[in-house]
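According to full-length UniProt numbering, the sequence shown is numbered sequentially starting from 1.
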Amino acid sequence: MSRLPIIVAPMFLISNPAMVIEASRAGAIGSFPLLNARPVSTCADWLQEIKEALPTEPWAVNFICHPVANVRFEEDLQLIEEYEPPIVITSLGNPKRVIDIVHRYGGKVYADVANVKHAEKSAATGVDGLILVCAGAGGHGGQLNPFGFVAAVKKFFNGTIVLSGSISSGADVLAAQMIGADFAYLGTRFIACHEGDAPEAYKNMVIESTTDDVLYTDAFSGVPVNVLIPSLIKEGIDPSTLMPKEAIDLTHLVNVKAWRDIWSAGHGVTAIEKRESVREIITSLQEEYESAKQRLNVVQSL
Ligand SMILES: Cc1cc2nc3c(=O)[nH]c(=O)nc-3n(C[C@H](O)[C@H](O)[C@H](O)COP(=O)(O)O)c2cc1C
């Protein structure tokens, strides 16, 4: 079976070395946010473990470029320089300094963006790829439709295109390729995996939830995020009383308390029906991808 063009997306408080290693060994590209490993010495241990386990396979880390939002900015840059992750995924802020370091050792930098203006700005910095975060993505989802977003970015960007937002099945991966993406970026599909650090109740909630249980709100950090309504209710929060937050506040990246209790998932949550290992999920995605290709052949022969 062919290697699927998928990145198991970095997820705050969920991704860990076991997920990264299993994903990359199973033929996908595993990733984790550097800030999941605290303190910095633990992060160095994680990087060492992954580097040793994946001598030839691709893997990625997620680095927050915003020097204010990321109090570990300088330390994490040093870790990137020392451990040379093959791919660095940047979020928020200007990726220029990361690009200088990563290109020196031959790695790639992919910047995640949620609108065309930010895609243009990131493209101008010389990134190798753009991750287009569309409507319905878990975490800080975007608002754009993937058809429109990919077409708009392809007008000015020739690099790697990674598509993100509710991609949950192998057929979705094929669809992403058909509209011009090089890779699909899947977060929610992996929240309930055995290896991940999501609490048991969160994994169960993801299995029980449907798309209607997802609420897009900027009430928590000022940046809109897709959250599971049952996780709000569990905390005694009535979703109808949520007010938009006036100013953007990204301190949750450092102070994790809020995200330990309020749980995120994307519109693709309906597709998660059971607890599985990372390898089992990737095998299902591969099988679904192959049957989607067969269906396409049938349609073409009509
Ligand atoms: C629980 C959760 C945590 C996330 N944390 C991060 C993060 O720390 N950094 C990041 O760049 N993206 C983060 N994301 C976004 C994912 O990397 C990815 O863009 C998204 O999950 C893709 O959409 P999907 O969930 O619909 O597959 C998170 C997503 C989820 C569901």
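C-beta atoms are modelled at their ideal positions from N, C-alpha and C, and glycine is treated no differently.
From a predicted model like this one, the values you see are computed outputs, not experimental measurements.
Placement of the Cβ of Thr188 at a distance of less than 7 Å from at least one heavy atom of ligand 1 is found. Leu186 is the residue among Leu296, Leu186, Gly222 and Ser301 whose C-alpha sits nearest the C-alpha of Phe32. When rounded, the separation of the alpha-carbon atoms in Leu242 and Val298 is 48 Å. Excluding residues up to 5 positions away in sequence, Gly170, Ala171 and Leu174 lie with their Cβ nearer than 7 Å to the Cβ of Ala292 in the same chain.
Note: Leu186 is bridge-paired with Val8 in the DSSP secondary-structure output. For Tyr185, the shortest separation between its Cβ and any heavy atom of ligand 1 lies below 7 Å. Across the structure, Val225 and Ala69 are spaced so that their CA atoms are roughly 17 Å apart.
Bridge partners of Gly142 according to DSSP: Ala135.
The beta carbons of Gly148 and Tyr216 sit no closer together than 8 Å. For Glu49, the CB contacts under 6 Å within the same chain, skipping 5 residues up- and downstream, are Pro17 in chain order. Between the alpha carbons of Gly196 and Glu22 lies a distance of about 11 Å. Note that the segment 153-161 does not touch the segment 220-239; fewer than 3 beta-carbon pairs, one per stretch, sit closer than 8 Å. The Cβ neighbour count for Gly106, taken over all protein chains shown within 10 Å, is under 16; the residue is labelled exposed. In this structure Arg72 is buried. Its beta-carbon is surrounded by 16 or more other beta-carbon atoms within 10 angstroms. If you draw a straight line from the Cα of Thr125 to the Cα of Leu302, it comes to about 46 Å.
The alpha helix (DSSP H) runs lying completely inside the segment 184-242 and spanning 4 residues or more are 200-208 and 229-234, given in chain order. Cβ contact annotation for Gly139 (same chain, cutoff 6 Å, sequence separation greater than five): Ser264, in chain order.
By the neighbour-count criterion, in which 16 or more other beta carbons inside 10 Å mark a residue as buried, Ile14 falls on the buried side. Straight-line spacing of the CA atoms in Ile167 and Arg3 works out to 17 Å. Taken through DSSP and simplified to helix, strand or coil, Tyr110 comes out as strand. In the DSSP assignment, Ala44 falls within the unbroken alpha helix (DSSP H) covering Val40 to Ala53.
When only Cα atoms are considered, Ala44 and Cys65 end up about 18 Å apart. For Ser122, the enclosing alpha helix (DSSP H) stretches over residues Val116 to Thr125.
Partner residues in the beta bridge of Ile89, as assigned by DSSP, are Asn62 and Tyr110.
Per DSSP, the beta-bridge partners of Ile29 are Ile7.
Taking all protein chains shown into account, Met178 has fewer than 16 neighbouring C-beta atoms within 10 Å of its C-beta and is therefore exposed. Cβ atoms of Gly165 and Val214 stay farther apart than 8 Å, at about 12 Å.
Within the same chain, Cβ atoms closer than 7 Å to the Cβ of Ala9 are found at Ser31, Ser164, Tyr185, Leu186 and Gly187, the five residues on either side in sequence being excluded.
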